[in-house]
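Remarks on the structure that follows.
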Amino acid sequence: MLRENEEQNRAVRHIVAGTSRPAPYLIFGPPGTGKTMTTVEAIKQVHTLNRESVILACAPSNSAADLLAQRLIKQPQFKSSLFRMNAVSRRWDMLPQDLKEAECSNYDTSGEVYFPSKEEIMKKYRIVVTTLVTAGR
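Using the working numbering, read the sequence shown as starting at 63 and increasing by one per residue.
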């Protein structure tokens, strides 16, 4: 759990309990306030406690989505269940090296982007990380 930040702990508890389902949960705030840490903790707990869960985590930018995916793939339980969905316009060389090595994104072995079907993604992965714009397409 998160250290002594009651606001972050409360957010995680509400997300895990599903108090607002089916509405999405929004975590926002200025830089450096613990949004990524809170989101990672919530995803860890939902992933562990609800084995049927499928999580869509959206961020406002590629750098924020990459950071979230990078933090998640450091956890052994997420290595095979995480998918980092990138936009067609994003170049392969812009993807962080650790995400390339994890082979958890929609780039093929030649660095070309592809889009698997929604059914294919939901069958294979439990966590999808993307930007808000790409999620809306």
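Cβ atoms here follow ideal geometry from the backbone N, Cα and C, with glycine treated the same way.
- Between the C-alpha atoms of His76 and Gln107 there is a straight-line separation of about 11 Å.
- The criterion of a C-beta distance shorter than 8 Å is not satisfied by Arg113 and Ser143.
- Of the residues Gln132, Lys186, Ser179, the one whose Cα lies closest to the Cα of Lys162 is Gln132.
- A residue is called buried once 16 or more other Cβ atoms fall within 10 Å of its Cβ, and Asp160, having fewer, is exposed.
- In the three-state DSSP reduction, Val78 falls in the helix class (H, G or I).
- Judged by their CB atoms, Leu134 and Ile105 are nearer to each other than the 8 Å cut-off.
- Using a C-beta cut-off of 8 Å, the region 116-127 makes contact with the region 178-192, since at least three inter-stretch Cβ pairs fall below that distance.
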